[in-house]
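**Student:** Using full-length UniProt numbering, you'd call the opening residue of the sequence shown number 1 and step up by one each time. Structure below; questions to follow.
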Amino acid sequence: MLKWLNENLEEFLMVALLIAMTLIMGIQVFARYALGASLSWSEEITRYLFIWSAFISVSYCTKKCISIKIEQFVALFPRRGQAIFKVVNHTFELIFFFYLIPFSVHYLRSAFESGQVSPACGIPMYYIQAAPLVSFLLVAIRIIQRWIVEFKIAIGKDKEEEQCQQ
């Protein structure tokens, strides 16, 4: 189960969220044009699902090494040099996300303490505002995983191919 979660968590969540958004908006279109009635909750739920999918996609991109990179510069180095460069890069990324985590905790705590609920559905806003914290924690885990792989390559302990192909 842990292996499956490690390999598929973000993909599963994003697919489920995008399917839910598509279904809800499809129902909204049908209700509006076929039944002549608009659903008050559909736009709000779709917006919140989109927020969650956007934050989860950050972790997915980190896991798949899909990010803005300086490809030509990194390609100048041999494999070990590329790994050292990536270790340094991952270290800065990790520092950045560890810096963001306390802010997202504060953001979530303030939403929890305010007791605010969404206007159309009455959903507690802390469910939506938990997305940054969950995302930043997942990203930190994914960066640590990538850091370990690249560190092994940088010190010459790992002879296998890198998970992120350039």
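Using N, Cα and C, we set each Cβ at its ideal position, and we do this for glycine too. Keep in mind the model is a prediction, meaning the values are calculated, not measured.
Which class does PRO78 belong to by DSSP, given the choice of helix, strand or coil?
**Tutor:** For the purposes of this step, residue 78 is taken as the residue at position 78 of the sequence shown. The answer is coil: DSSP assigns PRO78 none of H, G, I, E or B.
**Student:** Along the alpha helix (DSSP H) that carries LEU138, what are the first and last residues, could you check?
**Tutor:** In the sequence shown, counting from the first residue as 1, residue 138 sits at position 138. That run of the alpha helix (DSSP H) goes 131–154.
**Student:** Are three or more beta carbon pairs between the segment 58–69 and the segment 117–131 nearer than 8 Å?
**Tutor:** Fewer than three Cβ pairs drawn from the segment 58–69 and the segment 117–131 lie within less than 8 Å of each other, which leaves the two stretches out of contact.
**Student:** Anyone know if the C-beta pair for ILE84 and ALA131 falls short of 7 Å?
**Tutor:** Here residue 84 refers to the residue found at position 84 of the sequence shown. Here residue 131 refers to the residue found at position 131 of the sequence shown. No, the Cβ-Cβ distance between ILE84 and ALA131 is not below 7 Å.
**Student:** Whole angstroms is fine: what's the gap from SER54's alpha carbon to VAL87's?
**Tutor:** Position 54 of the sequence shown, counted from the start, is the residue given in the question as residue 54. Position 87 of the sequence shown, counted from the start, is the residue given in the question as residue 87. Per the sequence presented here, residue 54 reads as Ala, with Ser not at that position. Going from the Cα of ALA54 to the Cα of VAL87 covers about 26 Å.
**Student:** VAL15: which of ILE45, TRP4, LEU49 and THR91 sits nearest, CA to CA?
**Tutor:** Along the sequence shown, one-based indexing puts residue 15 at 15. For the residues ILE45, TRP4, LEU49 and THR91, the minimum Cα distance to VAL15 belongs to LEU49.
**Student:** Determine the DSSP secondary structure at PRO119, reduced to helix, strand or coil.
**Tutor:** Translated into the one-based positions of the sequence shown, residue 119 becomes position 119. The three-state reading of DSSP puts PRO119 in coil, since its state is none of H, G, I, E or B.
**Student:** In angstroms with no decimal places, state the Cα-to-Cα distance between GLU162 and LYS152.
**Tutor:** Start at 1 with the first residue of the sequence shown, and residue 162 comes out as number 162. Start at 1 with the first residue of the sequence shown, and residue 152 comes out as number 152. With a pLDDT of 49 at GLU162, under the threshold of 50, the modelled position of this residue cannot be trusted; read the value that follows with caution. One C-alpha to the other measures close to 10 Å.
**Student:** In this structure, how does DSSP classify GLU162 when only helix, strand and coil are distinguished?
**Tutor:** Along the sequence shown, one-based indexing puts residue 162 at 162. Low local confidence applies: a pLDDT of 49 at GLU162 is under 50, so the model's placement there is unreliable, with the coordinate-based value given in what follows. Three-state result, GLU162: coil.
**Student:** Taking ALA140 and PHE97 to be in contact with their CB atoms under 8 Å, please state how far apart those CB atoms are, rounded to whole angstroms.
**Tutor:** Working through the sequence shown from its first residue, we reach residue 140 at position 140. Working through the sequence shown from its first residue, we reach residue 97 at position 97. Going by Cβ atoms, the distance from ALA140 to PHE97 rounds to 5 Å, so yes, they are a contact pair.
**Student:** What is the rounded straight-line gap between the Cα of PHE73 and the Cα of GLN82?
**Tutor:** For the purposes of this step, residue 73 is taken as the residue at position 73 of the sequence shown. For the purposes of this step, residue 82 is taken as the residue at position 82 of the sequence shown. Distance between the alpha carbons of PHE73 and GLN82 is about 9 Å.
**Student:** Might you give, ordered along the chain, the residues of its own chain that have their beta carbon closer than 8 Å to the beta carbon of ALA37, omitting 5 neighbours on each side?
**Tutor:** For the purposes of this step, residue 37 is identified with residue 37 of the sequence shown, where counting begins at 1. Excluding positions up to five away in sequence, the list reads ALA31.
**Student:** Opposite PRO124 in the DSSP bridges: which residues?
**Tutor:** Here the question's residue 124 lines up with position 124 in the sequence shown. PRO124 pairs with VAL117.
**Student:** Quick one: what's got a C-beta closer than 6 Å to PHE112's C-beta in the same chain, skipping five residues either side?
**Tutor:** Looking up residue 112 in the sequence shown gives position 112. Apart from the 5 residues on each side of it in sequence, PHE112 sits with its Cβ closer than 6 Å to the Cβ of TYR126 in its chain, given in chain order.
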